[in-house]
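Undergrad:
Chains as they are written, first to last, in our numbering: chain A, 254 to 403; chain B, 6 to 171.
1) Let's test the definition: count the other Cβ atoms within 10 Å of the Cβ of residue 271 of chain A and tell me whether it reaches 16, buried, or not, exposed.
2) With 8 Å as the C-beta to C-beta threshold (strictly closer), list the residues of the stretch 31 to 65 of chain B near chain A in chain order.
3) With C-beta atoms as the reference, is residue 306 of chain A less than 7 Å away from residue 364 of chain A?
4) When DSSP labels each residue in this structure, what does residue 401 of chain A get in the three-state scheme?
5) Using a Cβ-Cβ cutoff of less than 6 Å, which residues in the same chain neighbour residue 277 of chain A once the five nearest sequence positions on both sides are dropped?
6) I need the straight-line Cα distance from residue 103 of chain B to residue 346 of chain A, nearest angstrom please.
7) Does residue 258 of chain A pass the burial test, meaning 16 or more other C-beta atoms within 10 Å, or should it be called exposed?
8) Looking only at C-alpha atoms, which of B:46, B:132, B:150, B:61 sits nearest to residue 142 of chain B?
9) Against residue 136 of chain B, what residues of chain A qualify as contacts under a CB-to-CB distance less than 8 Å, listed in chain order?
10) Please go through the same chain and pick out, in chain order, the residues whose beta-carbon is closer than 7 Å to the beta-carbon of residue 255 of chain A, but skip the five residues on each side of it.
11) With a cut-off of 7 Å, does the C-beta of residue 269 of chain A fall near any C-beta of chain B?
12) Going by beta carbon distance, what residues of the same chain come within less than 8 Å of residue 116 of chain B, once the five residues before and after it are set aside?
13) Would you say residue 354 of chain A lies against chain B (beta-carbon separation less than 7 Å)?
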């Protein structure tokens, strides 16, 4: 699951899960607000990819629907192969931990809540920790997009 | 003249007891800026945030919350926490990387509200978790959340559904 943005574009990568009521929706909403503040021709060069750390509950449909709520150009990434998810996460330094639970019981998934900005060479150029403000995200993106005119 | 003093003292104490009793009718605790985030259509959980102020003289605490079943099945008080590299939860030992810190949330039994202080329920911190939403939370609508306080009893809070904080 190597990730890179199309030429001249940037990909915002986030690892999370849809049953998360606070951290993930807050981050998605913050990113969404940041993109809204970009000029349209620049916003078109940014995509958001969310990798689910909870493939059991987050089916393709659930994940895609979740992203649609926040973004027009969202990319839903999901794998049921634990090894594949671990490799993808390790590439970013992302950790996660599924809470022990009985079948059918609700559970929390602890996870690294950083948003990674990836360029068209597959490099992480910026990391935004949880709580990074939308205005600062917009500022970073404007700078990156101006520097990387295709 | 000295005979009257004990009666005065008794009358004063009875008056104080009455005042203390009045403190439990919700007069001291106020809730403001309550909002719940709009939820994606498939999301099963939602979150509500608010500011709770204890303007009274009696220490209190938020000990529970509930909503109509038409909104969600249950409500729990949760706190989002950042797990440090010295976590005792086991898992991998190799979390020495900068980006490895994980965020998680845990249910809490109470949020203390000392007299004269406020508690913030906000993204990334304390929040009310609405479990098993009956239907998505839609912007522009509002829901009623019943809060239970240890001293002040129950209070219903009209909570506006929004995309972001007011």
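From the three backbone atoms N, C-alpha and C, an ideal C-beta is built for every residue, glycine too.
TA: Well, looking at it:
1) Sequence index remark: in the first chain, residue 271 of chain A carries index 18 (1-based). Burial is judged here by how many other beta carbons sit within 10 angstroms of a residue's own beta carbon; residue 271 of chain A has at least 16 and is buried.
2) Listed by position along the chain: 42, 43, 44, 45, 46, 47, 48, 49, 50, 51, 52.
3) Residue 306 of chain A sits at position 53 when you count from the first residue of the first chain. Residue 364 of chain A sits at position 111 when you count from the first residue of the first chain. Yes, Cβ-Cβ distance for residue 306 of chain A and residue 364 of chain A is below 7 Å.
4) Looking up residue 401 of chain A in the first chain gives position 148. Assignment of residue 401 of chain A by DSSP, reduced to helix, strand and coil, places it in the coil class.
5) Residue 277 of chain A sits at position 24 when you count from the first residue of the first chain. So the qualifying residues of the chain are 269.
6) Translated into positions along the second chain, residue 103 of chain B becomes position 98. Translated into positions along the first chain, residue 346 of chain A becomes position 93. The predicted model places residue 103 of chain B with a pLDDT of 44, which falls under 50 and marks its position as unreliable, so this point remains unresolved.
7) To locate residue 258 of chain A, count along the first chain from 1; it is residue 5. So residue 258 of chain A ends up on the buried side.
8) Position 137 of the second chain, counted from the start, is the residue given in the question as residue 142 of chain B. The candidate whose alpha carbon is nearest that of residue 142 of chain B is B:46.
9) Here residue 136 of chain B refers to the residue found at position 131 when the second chain is read from its first residue. Chain-order list of chain A residues neighbouring residue 136 of chain B: 359, by C-beta distance under 8 Å.
10) Residue numbering aside, residue 255 of chain A sits at position 2 when the first chain is read from its first letter. For residue 255 of chain A, where only same-chain residues beyond five positions count, the Cβ hits under 7 Å are 375.
11) If you number the first chain from 1, residue 269 of chain A lands on position 16. For residue 269 of chain A, the answer is no, since every Cβ of chain B falls outside 7 Å of its Cβ.
12) The residue you call residue 116 of chain B lines up with position 111 of the second chain. Here the set comprises 57, 66, 67, 82, 124, 126, 131.
13) Taking the first chain and counting its residues from 1, one reaches residue 354 of chain A at position 101. It does not; no Cβ of chain B falls within 7 Å.
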